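If you read the sequence shown in the working numbering, its first letter stands for residue 1, the second for the next number, and so on.
In this text, a Cβ means the ideal position worked out from N, Cα and C, and glycines have one as well.
Just so you know, these numbers come straight off a predicted model, no measurement behind them.
Since the structure comes first, as structure tokens, the remarks are kept for the end.
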Amino acid sequence: MEISFSLSDINKAAAEFWQYAKDFHVIAFNGGLGAGKTTFTRALCNYLSVEDIVSSPTFSLINEYHFKDETGKEQIIFHSDWYRLQDEEEAIQAGIEDMLAQKQSWCIIEWAERASGLLPENILNVDFFVEDADNRIIRFAP
């Protein structure tokens with residue numbers, strides 16, 4: 001699947017994306033620096049009514065956000081950025097396996113290829129492409 005969007009309609013794109021992505025426990029965001037991975041995560045969390053400030057987990061490694069689903073049940077999204085990880089051993093020491101083991105949550109991972117051996121089989125891969133300064137395309141498939 002593919003969604004094209006500009007920064008002005010990113011929230012609409014995030015809502016459309018979530019209808020497909022919500023069935024996956026792990027969502028891997030792939031794309032270069034500045035491709036919009038964190039910005040799109042922020043829009044997705046906005047759509048889900050996350051009240052916390054959504055920021056890049058580049059230095060914290062894992063950010064945790066809470067929201068209530070349509071039934072009012074508390075849900076968790078883990079937003080993780082593996083850019084600074086050197087290898088899978090460092091990821092394990094950082095608690096990545098613990099995050100992935102929490103099946104009643106969603107894990108959005110930037111730079112997942114840095115420790116791809118830790119990922120479960122059934123993930124949603126999302127590739128970000130920059131069209132120009134304001135426009136992006138995401139392509140996704142399990």
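Check	Outcome
First and last residue of the uninterrupted beta strand (DSSP E) at I27	V26 to N30
Distance, R84 Cα to P142 Cα	25 Å
Residue environment, E110, which counts as buried when at least 16 other CB atoms sit within 10 Å	buried
Cut-off 8 Å between Cβ atoms - residues of its own chain near K68, not counting five sequence neighbours on either side	S49, E74 and Q75
Exposure of D81, with buried meaning 16 or more beta-carbon neighbours within 10 Å	buried
CA nearest to the CA of D9, picked from N46, G117, E51 and N122	N46
Where F67 sits in the DSSP three-state scheme	strand
Top-ranked residue by Cα proximity to V26, from I96, Q19 and C107	C107
C-alpha distance - Y20 paired with Q93, whole-angstrom precision	32 Å
DSSP-derived helix/strand/coil call for S49	coil
Of the residues E121, G95 and L7, the one placed nearest S60, counting alpha carbons only	G95
Whole-angstrom distance between F5 and N135, CA atom to CA atom	6 Å
Cβ neighbours of I138 in the same chain (closer than 6 Å, five flanking residues each side left out)	I3, V126 and F128
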